[in-house]
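K.L.:
First the structure, then my questions, so here it is.
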Amino acid sequence: MWGSEQMGGRGKLLKHDAIQVPTQDIDKLIYRKSEFFVDLGNKFRVVIVHSKKAYAGQKNREIVLFNGIEENIEKAKDAIKERLLVDFEVIRRQSSYPRTLRRRLW
6 MWGSEQMGGR GKLLKHDAIQ VPTQDIDKLI YRKSEFFVDL GNKFRVVIVH SKKAYAGQKN
66 REIVLFNGIE ENIEKAKDAI KERLLVDFEV IRRQSSYPRT LRRRLW
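Under this note's numbering, the residues of the sequence shown are numbered 6 to 111, in order.
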């Protein structure tokens, strides 16, 4: 499946591509059961698969995008790169409670 281009149902030649992501940053993308990949795949009509396991000493993990046209695959890759630039530590430190409710609880 990965080797050659697959023929799509609409008569277009569907492409595939991959992007390497540092293992330490993969959590930014698979946060909340990979719903980012599911939404991104639906938006750009591509299938996105990431490597599930990280092995000891592995510095990069691969994300494969396939069954899409070249233009949509490039847009999806750009969206993944933008997502890697987001500072998730700030988001994780923020409470999910509104301020007024937080004051009452503590």
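Beta carbons are placed, not taken as given, at the ideal position from N, Cα and C, and that holds for glycine.
What is the rounded straight-line gap between the Cα of Glu-67 and the Cα of Leu-45?
P.N.:
Spanning the two alpha carbons is a distance of roughly 16 Å.
K.L.:
Return the chain-ordered ranges of every beta strand (DSSP E) run that is complete within the region 43 to 103 and spans a minimum of 3 residues.
P.N.:
Segments of the beta strand (DSSP E) lying fully in the region 43 to 103: 52 to 55, 65 to 73.
K.L.:
Determine which residues share a DSSP beta bridge with Lys-20 and list them.
P.N.:
DSSP, once it has assigned bridges, lists Gly-73 as partnering Lys-20.
K.L.:
Count the other C-beta atoms from every protein chain shown that fall within 10 angstroms of the C-beta of Val-52, then say buried if there are 16 or more, exposed otherwise.
P.N.:
Exposed is the call here.
K.L.:
Return the CA-CA distance between Tyr-36 and Val-91, expressed in angstroms with no decimal places.
P.N.:
Spanning the two alpha carbons is a distance of roughly 12 Å.
K.L.:
Would you mind giving the Cβ-Cβ distance between Val-69 and His-21, rounded to the nearest angstrom? I have them listed as a contact below 8 Å.
P.N.:
Confirmed, Cβ separation roughly 7 Å.
K.L.:
Would you call Gly-62 buried or exposed, if buried means 16 or more other Cβ atoms sit within 10 Å of its Cβ?
P.N.:
Exposed: under 16 other Cβ atoms inside 10 Å.
K.L.:
Measuring straight from C-alpha to C-alpha, what distance separates Thr-28 and Glu-40?
P.N.:
One C-alpha to the other measures close to 18 Å.
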